[in-house]
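Notes for the one structure printed next.
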Amino acid sequence: MPNISGNAYALTTLCPIKSGHSNDESNACLLRRVLQELDENNSPFAKVPNTYLARLFILDDTIFESHPYTLDRLQSKYLVFTANIHGDLDTYLDGMWANMQEEIKAIGKYFVGFGNVNSAASFKEYLKKCQVKTTFFFNGSTDDSLQEQLKSLYLKQEFSKFVYEHQGVSSKQLLHDFREFVKISEPKNLAFPTWKAGARSLKDVVVTKNNRA
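Under my numbering, think of the first position of the sequence shown as 49, with each following residue one higher.
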């Protein structure tokens, strides 16, 4: 299947947005506002296990000229949801419903036919009906789990700082400090310290025993 590459799965869904208006604003505009109000520095997808990346955007229309005198147009506007994940789709969607149900309902209320979605099972059924084949992976990471990749990002960042700060240090001091670095960074401990899921900058990106979620 094109959607799968090793342990990675690429999900793309097009959820139809209801036509009509509320308080002189279209449902598409209201939905766009909901998306804009999502916290960029604390993405709800960071709470969903094994999210490599996720993206939401509204597709207003796509014009394709199928004939010199005709244009193909969409019958409605769609919310496009794309995600690259680690593992199987059902487990991931269960994780979405368990960890960001509030956001899902706030977004989904603008979808055609979403009114009956009230459980993980009905959510999975709905999203799979909206799923389209994915033939291109945006994810450029390895095939490891998200937890392993976050740890690798943390080690890369911390080791780069270690190297920079130890230019010209004696071999004896370097060996001593490197042993301390290994104790602090715990390379084999994937839980912490590690890179924070969903972090967009170097500020507050490290998860430790004291600040873990």
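Even glycine gets a Cβ: it sits at the ideal position worked out from N, Cα and C.
Checking 9 angstroms against the spacing of the C-beta atoms, do Y158 and K66 come in under that value?
yes
A58 vs T139 beta-carbon contact at 9 angstroms:
no
Between the Cα of G143 and the Cα atoms of P92, L238 and L62, which residue gives the shortest distance?
P92
Alpha-carbon to alpha-carbon, Q84 and L104
10 angstroms
Under three-state DSSP, which class holds S70?
strand
Relative to the C-alpha of L101, which residue among T60, G163, T242 and Q123 is closest?
T60
Is A239 buried or exposed, if buried means 16 or more other CB atoms sit within 10 Å of its CB?
With fewer than 16 Cβ atoms within 10 Å of its Cβ, A239 is classed as exposed.
Are the Cβ atoms of V160 and C63 separated by less than 9 angstroms?
yes
Measure the C-alpha to C-alpha separation of A131 and Q179 and round it to an integer number of angstroms.
11 angstroms
Less than 9 angstroms separating the beta-carbons of L175 and P97?
no
Segment limits, alpha helix (DSSP H) that includes R121
Per DSSP, R121 belongs to no alpha helix (DSSP H) and is neither H nor E.
To which residues of the same chain is K220 closer than 8 angstroms at the C-beta, ignoring the five residues directly before and after it?
none
What do you get for R80, buried or exposed, if any count of 16 or more other CB atoms within 10 angstroms of its CB means buried?
buried
Residue range of the unbroken alpha helix (DSSP H) whose run includes C178
Premise fails: C178 is in no alpha helix (DSSP H) and is neither H nor E.
First and last residue of the uninterrupted beta strand (DSSP E) at N132
Y126 to H134 is the span of the beta strand (DSSP E), which, as asked, contains N132.
Compare the Cα-Cα distances from Y126 to each of H134, I133 and G156 and report the closest residue.
G156
Who are N65's beta bridge partners in DSSP?
The amino acid at residue 65 is misidentified as Asn; the sequence shows Ile. Its beta-bridge partners are F159.
Which whole-angstrom value describes the C-beta separation of V82 and A154, a residue pair presumed to lie in contact below a C-beta threshold of 8 angstroms?
6 angstroms
May I ask you to list the residues that DSSP assigns as paired with L107?
Paired residue(s): Y126.
Whole beta strand (DSSP E) runs in the region 200–257 with 3 or more residues, listed along the chain?
none
Residues in its own chain within less than 6 angstroms of K199 by CB, not counting five upstream and five downstream?
Apart from the 5 residues on each side of it in sequence, K199 sits with its Cβ closer than 6 angstroms to the Cβ of L238 and T242 in its chain, given in chain order.
Distance, F171 Cα to I165 Cα
Before going on, a small fix: residue 165 reads as Val here, not Ile. Taking the straight line from one Cα to the other gives about 5 angstroms.
Ignore the nearest five residues each way along the sequence and tell me which others in G135's own chain have a CB closer than 6 angstroms to its CB.
N98
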